[in-house]
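Chemist:
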Amino acid sequence: MIHPRRLSLILAGLAALCLTPAAWAGAPTDQLKAHIDQVIKMLEEPVLKVDGKVKERRVAVRKVADNFFDFAETARRSLARHWQGRTDKEREEFVKLFADLLERSYISRIELYGGEKIQYAGERSDGDVATVFTKIITKQGQEVPVDYRMLRRGDHWLVYDISIEGVSLISNYRTQFNKIIQTSSYGELVKKLKTKQEEFLFEEETKTKGSAEK
Amino acid sequence: MRRSALDLGVGIFVLIGILALGWLSVKLGRVEFLGGQGYQVTADFPSVGGLKAGSAVEIAGVEVGRVEAITLADYQARVLIRIRSDVKLQEDSIASIKTKGLIGEKYVRINPGGSDRVIPPNGRIREVEAPVDFEELLSKYIFGKV
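Going down the list, the sequences are from chains G and U. The opening position of the first sequence corresponds to residue 1 in this note's numbering, with each subsequent residue numbered one higher. The opening position of the second sequence corresponds to residue 1001 in this note's numbering, with each subsequent residue numbered one higher.
1) Determine the chain G residues that contact residue 1098/U at a beta-carbon separation under 7 Å, and present them in chain order.
2) Name the chain C residues that come within less than 7 Å of residue 1111/U, Cβ to Cβ?
3) Using the Cα positions of residue 43/G and residue 103/G, report the straight-line distance between them to the nearest angstrom.
4) Strictly by DSSP, which residues pair up with residue 1057/U?
5) Between residue 111/G and residue 62/G, is the Cβ-Cβ spacing less than 8 Å?
6) With distances taken from CA atoms, which of 1120/U, 1048/U, 1089/U, 1016/U is nearest residue 1105/U?
7) My output table needs one value for residue 1127/U: the three-state DSSP class, helix, strand or coil.
8) Among all the DSSP beta bridges, which residues are the ones paired with residue 1076/U?
9) For residue 1140/U, would you say it is in contact with chain G, using Cβ-to-Cβ distances shorter than 8 Å as the test?
10) Examine chain U for any beta-carbon lying closer than 8 Å to the beta-carbon of residue 79/G, and answer yes or no.
11) With distance defined between alpha-carbon atoms, name the residue in 1063/U, 1120/U, 1133/U nearest to residue 1102/U.
12) At the level of alpha carbons, what is the spacing between residue 193/G and residue 98/G?
13) According to the neighbour-count rule (16 or more other Cβ atoms, all chains shown, within 10 Å of its Cβ), is residue 1023/U buried or exposed?
14) Within 8 Å of any Cβ in chain U, is that where the Cβ of residue 166/G sits?
15) Just the C-alpha distance for residue 137/G and residue 66/G, rounded to the nearest angstrom, thanks.
16) Would you list, in chain order, the members of the segment 1060-1078 of chain U that have their beta-carbon closer than 8 Å to a beta-carbon of chain G?
17) Tell me the rounded alpha-carbon separation between residue 170/G and residue 177/G.
18) Kindly identify the DSSP beta-bridge partner or partners of residue 143/G.
19) On a CA-only basis, which of 1111/U, 1099/U, 1002/U, 1053/U is nearest residue 80/G? Give me that one, please.
20) Taking Cβ positions only, does residue 1126/U come closer than 8 Å to chain G?
21) How would you label residue 113/G, buried or exposed, when you count the other beta carbons within 10 angstroms and need 16 or more for buried?
22) In chain order, what residues of the same chain have a beta carbon less than 6 Å from the beta carbon of residue 83/G, not counting five sequence neighbours either side?
23) For the alpha helix (DSSP H) that residue 173/G lies in, which residues bound it at each end?
24) Taking residue 175/G as the reference, which of 1020/U, 1085/U, 1061/U has the closest Cα?
25) Looking at residue 123/G: is its Cβ nearer than 8 Å to the Cβ of residue 29/G?
26) In chain U, which residues lie less than 8 Å from residue 84/G when you measure between Cβ atoms?
27) On the CB-based measure, 16 or more other CB atoms within 10 Å of its CB, does residue 1089/U come out buried or exposed?
28) Name the chain U residues whose beta carbon is nearer than 9 Å to that of residue 105/G?
29) Does DSSP classify residue 27/G as helix, strand or coil?
30) Rounded to the nearest angstrom, what separates residue 1012/U and residue 1003/U at their Cα positions?
31) Report yes if the C-beta distance between residue 134/G and residue 118/G is below 8 Å; otherwise report no.
32) Bridge partners for residue 82/G per DSSP, in chain order?
33) Take the Cβ of residue 1009/U as the centre, count every other Cβ of all protein chains shown within 10 Å, and call the residue buried at 16 or more, exposed below.
34) Cβ closer than 9 Å: which chain U residues qualify as neighbours of residue 163/G?
35) Express the C-alpha separation of residue 1018/U and residue 78/G in angstroms, rounding to a whole number.
36) Rounded to whole angstroms, what's the CA-CA distance from residue 128/G to residue 152/G? Just pull it up for me.
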């Protein structure tokens, strides 16, 4: 016979064990998987699947992405050498523009999701940095390797780089940003990012208006 | 008397020839004496696909070092690189294995980062990109569509 008080103590202990964030640390794969599952669930949500809800769905996905993606770190690493000469205000503005750029190019791509499977193929950690290897299996059975580079921030592991087929996101943007800054200037790069974002918002606006009129 | 002068001439000629050959092999084989200058860093790649000891290491197309050795560590390829001492690598530099042209030789390209911490001698480049395997990509497109 277990004494009821002892039983409640055991239960409280178990509950604490499940709730402590410390149990999460050291498990980059688990954290990543939880976030990705959350995004997939959101994409499969029938309420958000309707055409007119594109914007709502994007906002929702972005919100989750903000939780496990370290946009500031990615922006800093992508700007590389040119990050040093920026003022705090410029940095803040750049991080915002860069997050918008990623949203435009990736989150809109995620919306094409149609039941692809994601396989977790192990992780490799080294101090505060970890790599989680995953494979996206398309409906045709093709395997696309996607590696997530993650940084530890307290109890959370945040993604700062994604390699698809071995091509790193940061490396790609670093080369492009460097080229633009070297041939023109930092101001030009910011201007370019701003115009692209405005164009995108304008397109989005006309699209939603069009579908509403239908 | 005349005979020995001729012998001496031939001897000197042969000696110069051997020295020239020695210089040529050092130059062509890129042998470095006394361990070479600069400092060493390592980088772990999932695959090196065709990279060899002696391959070039470049930043912006300029050679800044060479691959000294490639070993297997924990089923990954550990590449030992010697970098010129006047070149500093930031902690977030990315090392990628690239091909010169479509089917040219492999080399390591370093994309410099923006961190204020630099990689110390015998340190490690943590951010790496594996070479793109063209055959694998090709086979995906050939056999992939069912």
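Glycine included, C-beta positions come from ideal geometry on N, C-alpha and C. As the structure is a prediction and not an experimental result, all values here were calculated from the model.
Modeler: Result, derived from the coordinates:
1) In the second sequence, residue 1098/U corresponds to position 98, counting from 1. By Cβ distance, chain G contributes nothing, its closest Cβ being about 11 Å from residue 1098/U, past 7 Å.
2) This model lacks chain C altogether; the protein chains it does include are G and U.
3) For the purposes of this step, residue 43/G is identified with residue 43 of the first sequence, where counting begins at 1. For the purposes of this step, residue 103/G is identified with residue 103 of the first sequence, where counting begins at 1. If I take the Cα positions, the gap works out to 15 Å.
4) The residue you call residue 1057/U lines up with position 57 of the second sequence. Looking at the DSSP assignment, residue 1057/U forms a beta bridge with 1065/U, 1108/U.
5) Within the first sequence, the letter at position 111 stands for residue 111/G. Within the first sequence, the letter at position 62 stands for residue 62/G. Contact flag unset, no.
6) Indexing the second sequence from 1 puts residue 1105/U at position 105. For residue 1105/U, the nearest C-alpha among the options comes from 1048/U.
7) Residue 1127/U sits at position 127 when you count from the first residue of the second sequence. Three-state DSSP puts residue 1127/U in a strand.
8) As a working mapping, residue 1076/U is identified with position 76 in the second sequence. DSSP lists 1073/U as partners of residue 1076/U.
9) Against the second sequence, residue 1140/U aligns to sequence position 140. Chain G, which has a Cβ nearer than 8 Å to the Cβ of residue 1140/U, makes this yes.
10) Translated into positions along the first sequence, residue 79/G becomes position 79. At least one chain U Cβ lies under 8 Å of residue 79/G.
11) On the second sequence, residue 1102/U is found 102 positions in, with the first residue counted as 1. When only C-alpha atoms are compared, the closest one is 1133/U.
12) Here residue 193/G refers to the residue found at position 193 when the first sequence is read from its first residue. Here residue 98/G refers to the residue found at position 98 when the first sequence is read from its first residue. Residue 193/G and residue 98/G: Cα-Cα distance of roughly 8 Å.
13) Here residue 1023/U corresponds to residue number 23 of the second sequence, with the count starting at 1. So residue 1023/U ends up on the exposed side.
14) For the purposes of this step, residue 166/G is identified with residue 166 of the first sequence, where counting begins at 1. Chain U contact via Cβ: present.
15) Working through the first sequence from its first residue, we reach residue 137/G at position 137. Working through the first sequence from its first residue, we reach residue 66/G at position 66. Spanning the two alpha carbons is a distance of roughly 25 Å.
16) none
17) Taking the first residue of the first sequence as 1, we reach residue 170/G at position 170. Taking the first residue of the first sequence as 1, we reach residue 177/G at position 177. The alpha-carbon atoms of residue 170/G and residue 177/G are separated by roughly 10 Å.
18) Counting from one through the first sequence, the residue named residue 143/G turns up at place 143. Per DSSP, 137/G.
19) On the first sequence, residue 80/G is found 80 positions in, with the first residue counted as 1. Out of 1111/U, 1099/U, 1002/U, 1053/U, 1111/U has the C-alpha closest to the C-alpha of residue 80/G.
20) Translated into the one-based positions of the second sequence, residue 1126/U becomes position 126. Answer yes: the Cβ-Cβ gap between residue 1126/U and chain G drops below 8 Å somewhere.
21) As a working mapping, residue 113/G is identified with position 113 in the first sequence. Counting Cβ neighbours within 10 Å, residue 113/G comes out exposed, since fewer than 16 surround it.
22) Residue mapping note: residue 83/G aligns to position 83 of the first sequence, counting from 1. For residue 83/G, where only same-chain residues beyond five positions count, the Cβ hits under 6 Å are 76.
23) Reading the first sequence from its first residue, position 173 is the one you call residue 173/G. Start and end: 169-183.
24) In the first sequence, counting from the first residue as 1, residue 175/G sits at position 175. Nearest option by C-alpha distance: 1061/U.
25) Counted from its first residue, the first sequence places residue 123/G at position 123. Counted from its first residue, the first sequence places residue 29/G at position 29. Cβ distance < 8 Å, so residue 123/G and residue 29/G count as in contact.
26) Translated into the one-based positions of the first sequence, residue 84/G becomes position 84. Chain U residues near residue 84/G: 1114, 1116.
27) Here residue 1089/U refers to the residue found at position 89 when the second sequence is read from its first residue. Buried: at least 16 other Cβ atoms inside 10 Å.
28) In the first sequence, residue 105/G corresponds to position 105, counting from 1. In chain order: nothing, as chain U lies at least about 19 Å away.
29) Residue numbering aside, residue 27/G sits at position 27 when the first sequence is read from its first letter. DSSP places residue 27/G in coil when its eight states are reduced to three.
30) On the second sequence, position 12 is the one that residue 1012/U refers to. On the second sequence, position 3 is the one that residue 1003/U refers to. Residue 1012/U and residue 1003/U: Cα-Cα distance of roughly 15 Å.
31) The sequence position of residue 134/G within the first sequence is 134, counting from 1. The sequence position of residue 118/G within the first sequence is 118, counting from 1. In contact: residue 134/G and residue 118/G (Cβ atoms closer than 8 Å).
32) The residue you call residue 82/G lines up with position 82 of the first sequence. DSSP, once it has assigned bridges, lists no residue as partnering residue 82/G.
33) By 1-based counting over the second sequence, the position of residue 1009/U is 9. Residue 1009/U comes out exposed.
34) By 1-based counting over the first sequence, the position of residue 163/G is 163. Neighbours of residue 163/G on chain U, chain order: 1129, 1130.
35) Within the first sequence, numbered from 1, the residue matching residue 78/G stands at position 78. Within the second sequence, numbered from 1, the residue matching residue 1018/U stands at position 18. Whole-angstrom Cα-Cα distance: 53 Å.
36) As a working mapping, residue 128/G is identified with position 128 in the first sequence. As a working mapping, residue 152/G is identified with position 152 in the first sequence. Roughly 5 Å between the two C-alpha positions.
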